[in-house]
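These protein sequence lines are chains A and B, in that order. Every letter in the first sequence is one number past the one before it in our numbering, and letter 386, counting from 1, is 386. Every letter in the second sequence is one number past the one before it in our numbering, and letter 176, counting from 1, is 1176. Ideal Cβ placement from N, Cα and C applies to all residues, glycine included. Below is one structure, written out as structure tokens, with a few remarks after it.
Number of protein chains: 2
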Amino acid sequence: MKTNNSILFILLFILLKGNAQDLNSTLYLMPWPKEIKETSSKFNIDRNISISISGNNQDRVHNASINFLRRLSNRTGIFLNQGFPLVDNAAANIKIIFDKNADLSIEDDESYTLNVYQNNILLNAITDIGAIRGLETLLQLTNFNENGYYFEGVSIKDSPRFVWRGLMIDVARHFQPIEVLKRNLDAMASVKMNVFHWHLTDDQGFRVESKIYPKLHKIGGDGLYYTQEQIKDIVNYASNLGIRVIPEFDVPGHATAILAAYPEFGSVDGAKYSVERNSGVFDPTLNPIKDETYTFLENLFSEMAPLFPDEYFHIGGDENEGKHWNENEDIQVFKKEHGLKTNHDLQTYFNIKLERILNKLGKKLMGWDEIMTPNMPTTAVIHSWRGEKEGFPKGGTLIDATKNGYSTVLSAGFYIDRMLSVEHHYTSEPIGDVKLTKEERARILGGEATMWSELVTPFTIDSRIWPRTAAIAERLWSKKEVNNIENMKYRLKEVSFRLEELGMTHIKNSDVILRGMTNNQDISSLKILRNICEPLKIYSRNKGGTEYQTYSPFTLFADACINDAEDAVMFNTEVIKYLNAPNKKSLDILLSHLNIWNKNHNAFSQIKDNPNVKILEELSKNLSEVSQILIPTFSNKKISRDTFTSLQENIKILSKPFSDTELAILNSLNKLVEYSKTNYLVN
Amino acid sequence: MKTNNSILFILLFILLKGNAQDLNSTLYLMPWPKEIKETSSKFNIDRNISISISGNNQDRVHNASINFLRRLSNRTGIFLNQGFPLVDNAAANIKIIFDKNADLSIEDDESYTLNVYQNNILLNAITDIGAIRGLETLLQLTNFNENGYYFEGVSIKDSPRFVWRGLMIDVARHFQPIEVLKRNLDAMASVKMNVFHWHLTDDQGFRVESKIYPKLHKIGGDGLYYTQEQIKDIVNYASNLGIRVIPEFDVPGHATAILAAYPEFGSVDGAKYSVERNSGVFDPTLNPIKDETYTFLENLFSEMAPLFPDEYFHIGGDENEGKHWNENEDIQVFKKEHGLKTNHDLQTYFNIKLERILNKLGKKLMGWDEIMTPNMPTTAVIHSWRGEKEGFPKGGTLIDATKNGYSTVLSAGFYIDRMLSVEHHYTSEPIGDVKLTKEERARILGGEATMWSELVTPFTIDSRIWPRTAAIAERLWSKKEVNNIENMKYRLKEVSFRLEELGMTHIKNSDVILRGMTNNQDISSLKILRNICEPLKIYSRNKGGTEYQTYSPFTLFADACINDAEDAVMFNTEVIKYLNAPNKKSLDILLSHLNIWNKNHNAFSQIKDNPNVKILEELSKNLSEVSQILIPTFSNKKISRDTFTSLQENIKILSKPFSDTELAILNSLNKLVEYSKTNYLVN
């Protein structure tokens, strides 16, 4: 790994130099603030650091300040004299001043100003939440030199571009315990996200305790759910971090778990529903023509509403294909009688009834973009999840909905479960060049990263959310013009490390999986493979939703791999550079990668076989052989026809998936093959 | 690290061969079962594995079976057809049969028999808890070869030596969140431990929500406590695993947190107490002569008792030096009036009143061994924590108490916070050769590992508990004759890895600390140092309890280090071998270690400096120099006087602590120096 690291440092240095020019800064801030002026005055961090808070009802800021002090102390190893923040104390060297408490609504002011001087630090905000956003910025300004730790001298004026910067976590497909949510809320707050969208129910589980309908949590799942006390705990925890919690109860489709508990509300009379263990779009659907259905939902929502103080209430509403509606004669009759031509019309009828229930409870209805039909009132909030990939024009349903008068939240482009590169999400600009009126622009509230959990467990979920979601957080907080991809990647590397410091498991758990795969043998050769392999993308892992059940193992090689595989990214960058303009430096880097892969199969072969390792043997062997051919080819600038034929055969094998991963350097290898064919082939 | 691993494998091979003979087995079972017969029939694990349960009220076994299936699937990567256990199903290939539900008391039968045949597996037990103990054994029988995974063929009859096999966790000095407790309960169950002793209150915090005395949890700490719902959750979680929960409310000493909330119950009139942030033994003590004190305790215990269904209730009672009693004139008068000569007598008076309160609540009083005074009724349970090290004869207070008629639980020898080697704990045999009557023997209930938390956080606690506590679990479950240290270590290595698989963080979190120390630079050189350094032992870290506050950083080099440092253990073993009988093989191993350490300083020097790394520079440099001298000395079998003098100077520096750690190869280096002086010194 030595050589590998050296390459990394060289690359990092190049990136750093290159990008420092772009943003005129080497600071590791993310999201990048609205206005920043760097000064030369550093604030040295020592044991005398102390925080004083001025402002009414200091609970949130007090809590955030304690966390700040702990994290700072843990980061620097400095023993602080003062372990807790003070109140209105002139002697403190970090002063936090705010005017009022935020309501935790979309109206909240999250702006702040931060001035780091040589001897003191001033953090001013209108609201307490603005103050805690500023504290996160301050912590990101930590740096060190041979003399110790310091905060970078800056003057910052900051506020967000969008008021809704969310992360959705699906806890239905795989239940996510409280601590998973808490650590992800911490992570969200560290990159200034402010909405936790809690996808609580789906075909695979109903995850909230209901005292009125207890079969929902007892039968509708696998025994795993949140008690109402736990719900309150999470909502309170999020509130402390300035994060709103939006619950989602997905109806009328995605309702198998509900119907497993209470089949009487289903669209197939007398049916017996079983909680779903596979993934996909399923037929069980609530019956929209029965009064009992609405009584049930009104009772349920009335029980749930007080647990979730936020004004917005998500009813899902997606992917109802209406198959069971078509099969039910009564429903067909009802549609005719009520002049509802399509199932979409019937669902709108259903949604409007739900909206009335929610309005009575003081809630605004929010739903996935299928709820947007001509008759749907514009008081509903449209959660746009479909874009170009689903056959919609650029901007997807977001711009449509906005122009139709709806408030909107964007998730198209932010589907992190698709395992795409961070670039994909970072370049998903919500508005782009679309011309909007001031009112239309105001209706675009923001966006949400969506973590669907078909293929993640509590053990792997962090590695699917982070660090990519930090780039989405920046897309939603920072100005549109903050869009330099290389600079983002340079900062994201630091953010990723800081997220681990904060408690995320996305880095450390990968090795645990490899140790498990090998039964605790030497994993160094697997790490080399992991660093160039990525999980299959866009749902091509788990084809048709039937390969993996909710109880299948997610401790496989694919689960140890992530998108943007580290060595692959470096190698691919270098290949492009070299092919654009062949040069010794790039060649040396490429050869050192190839040397590592060439030798790696020997180490791989030392691992005592088991099926989970064996499945990678062909990958390891062929990668070694490809490398063994490419090294002399590019060193000596020639290759014989026979050798070239072997190379092609090897590459062909590498283009298959191995253990649900794809080789992320495959395109680069193909380019090198193509180049050697054109330039080095000797007859 | 390559060479290093090879050494490890060679050593492992030697150990394995050597020890296989001792127990006639290479199985990784821990604790070792009472009776085991290995057969040649393996049971192959494939997707058709299914479990059937027969027995009344299957909740515990059902839960354990689901966990078993998930862990098996995750371990093997096998996609199971049947994700959930069945009831009374003849077609299942794993059959679990039990007679009745355990009461979760010290009377419970935990025995089981386990037979693994080629085509089916039978697990029989009297109680459901016996069955779940057997399931853990079965999981430990997983193995693999080139054809896949299988269970080893065995016939086992098993039952524990002691009925009380506990782990105490102190959540007062550093609060430990629910998930830390849950994962440690999982780990306990995996090595068949059955008592979780919850040290809930101390000078630094009162960690349970009290609705009657809310200031206890609101003021008596740092804001971190368990709600009553969370207490119930943990007790229920433990019950599912067959683990009893014993709460401890430490009185009358260790009570600063209580008195910070309610100073009126203290022994200094009008005093204002502050929650303690340091470690040590402090003076604040409940006032034993006020009726109000007993009313308070009766109300509090009456509120707490229903939360903890177990019959035993721990009142602490340790380390009350009575200083505040001596200073209070009323107390002095009271003592005279009541004929209480010593503070010990006064504390007995207090304890007897508490015992009556607890008896009314249906509880048995348990306390640390200071409560054992001539007047204390033998209905109390003595928790023996003092032994030879505290000036008591061999056997410590345990045997004394037993002979005095008390039931006893041993913790002397099981203080895992002292950071001693696993050997120390494994060889702490509770009874030894002491002659006991049948009744006396029956009163020795068992023992408890004690995890005091002055120097541990939720992030590091697992690495202080595991894997050593598994060896203690074996000491308490298995026969006295199961005492081969090398064989235990061979199995413990596997257990440690399996504990990580189960969710423990003891392995993976160490690298996180090193990444933090370096701010995400290359940590390979620090890993080499970590593997030969151990945290200072027996409370010499945090001298006088004043160096570390509860809010101090525990992200230092010492926190990344553990006892029984891996490379040090290997090196030390080899030095002994070599010095006993110099031979080429040992010499080669020693030289390869020395080579690594010699080269390591170069890599270390590449790390960009900060104070947390710099503090290790002298260690790294001198270790490199010592190695550089020893390599030619032992290769060429000579050393000049000048070089020898340098060597001595270097070694002297290495004998200092560095960042609260000690060099665990120091004795070995000294031996090598001594040997070279005698044999290789050239004038």
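{"Query": "Spatial distance of M1188(B) from K1638(B) (CA atoms)", "Result": "52 Å"}
{"Query": "Where the alpha helix (DSSP H) through E649(A) begins and ends", "Result": "R641 to L654"}
{"Query": "Listed by chain order, chain B residues near D609(A) by CB distance under 7 Å", "Result": "E1146"}
{"Query": "Local conformation of L1185(B) per DSSP, three classes", "Result": "helix"}
{"Query": "Contact list for T227(A) against chain B, beta-carbon separation under 9 Å", "Result": "E1229 and D1233"}
{"Query": "Neighbour-count burial assignment, Q176(A), 16 or more Cβ in a 10 Å radius", "Result": "buried"}
{"Query": "Span of the beta strand (DSSP E) around E534(A)", "Result": "C533 to P535"}
{"Query": "S1073(B) at chain A interface by Cβ criterion, 8 Å", "Result": "yes"}
{"Query": "For L141(A) and E704(A), believed in contact at Cβ under 8 Å, the rounded distance", "Result": "Residue 704(A) is absent from the model: chain A starts at 1 and stops at 683."}
{"Query": "Euclidean distance between Cα positions of L1361(B) and E136(A)", "Result": "49 Å"}
{"Query": "Ranges of the beta strand (DSSP E) found wholly within the segment 451-508 of chain A, counting only runs of at least 3", "Result": "none"}
{"Query": "Under 8 Å between C-beta atoms of H1424(B) and W1466(B)", "Result": "no"}
{"Query": "Euclidean distance between Cα positions of N1343(B) and G1322(B)", "Result": "6 Å"}
{"Query": "Residue closest to M168(A), alpha-carbon to alpha-carbon, out of N299(A), M376(A), L410(A) and E574(A)", "Result": "L410(A)"}
{"Query": "Spatial distance of S50(A) from K584(A) (CA atoms)", "Result": "53 Å"}
{"Query": "DSSP state of H174(A) mapped onto helix, strand, coil", "Result": "coil"}
{"Query": "Residue burial classification, N351(A) (beta-carbon count within 10 angstroms, cutoff 16)", "Result": "buried"}
{"Query": "Beta carbon proximity, F1079(B) to chain A, threshold 8 Å", "Result": "yes"}
{"Query": "Selection of the segment 530-556 of chain A by Cβ proximity to chain B, strictly under 7 Å", "Result": "Q549, Y551, S552, P553, T555 and L556"}
{"Query": "Closest residue to F414(A) among I596(A), I357(A), L476(A) and G316(A) (Cα-Cα distance)", "Result": "L476(A)"}
{"Query": "Contact with chain A by R1475(B), beta-carbon distance below 8 Å", "Result": "no"}
{"Query": "8 Å Cβ cut-off: residues of chain B touching P252(A)", "Result": "What P252(A) touches in chain B: nothing, since even the nearest Cβ is about 27 Å away."}
{"Query": "Beta carbon proximity, K1527(B) to chain A, threshold 8 Å", "Result": "no"}
{"Query": "Assigned exposure category for A401(A) - 16 Cβ within 10 Å defines buried", "Result": "buried"}
{"Query": "Contact set between R1464(B) and chain A, taken where Cβ atoms lie within less than 8 Å", "Result": "Here the premise fails: no neighbours, minimum Cβ distance about 17 Å."}
{"Query": "Buried or exposed (CB count within 10 angstroms, at least 16 for buried), L663(A)", "Result": "buried"}
{"Query": "C-alpha distance - Q1058(B) paired with D1128(B), whole-angstrom precision", "Result": "8 Å"}
{"Query": "Pick from P657(A), T546(A) and N650(A) that is closest to R277(A), judged by C-alpha positions", "Result": "T546(A)"}
{"Query": "Proximal residues to A1125(B) (C-beta, below 7 Å), its chain only, five neighbours per side dropped", "Result": "F1098, S1111, Y1112, A1131 and G1134"}
{"Query": "Proximity to A1255(B) [Cα-Cα], best of H1324(B), N1236(B) and T1550(B)", "Result": "H1324(B)"}
{"Query": "Anticipated Cβ contact below 8 Å, I416(A) with R468(A), distance rounded", "Result": "6 Å"}
{"Query": "Own chain partners of T378(A) with C-beta closer than 6 Å, once the 5 adjacent residues on each side are dropped", "Result": "G405 and Y406"}
{"Query": "Bridge partners - S1421(B), DSSP secondary structure assignment", "Result": "Looking at the DSSP assignment, S1421(B) forms no beta bridge with any residue, so it has no partner."}
{"Query": "Nearest to E494(A) (by Cα), restricted to the options K95(A), N143(A), P393(A) and L587(A)", "Result": "N143(A)"}
{"Query": "Contacts that V1512(B) makes with chain A (C-beta to C-beta distance below 9 Å)", "Result": "E500, E501, I507 and K508"}
{"Query": "Contact under 8 Å by Cβ, F1249(B) with I1121(B)", "Result": "no"}
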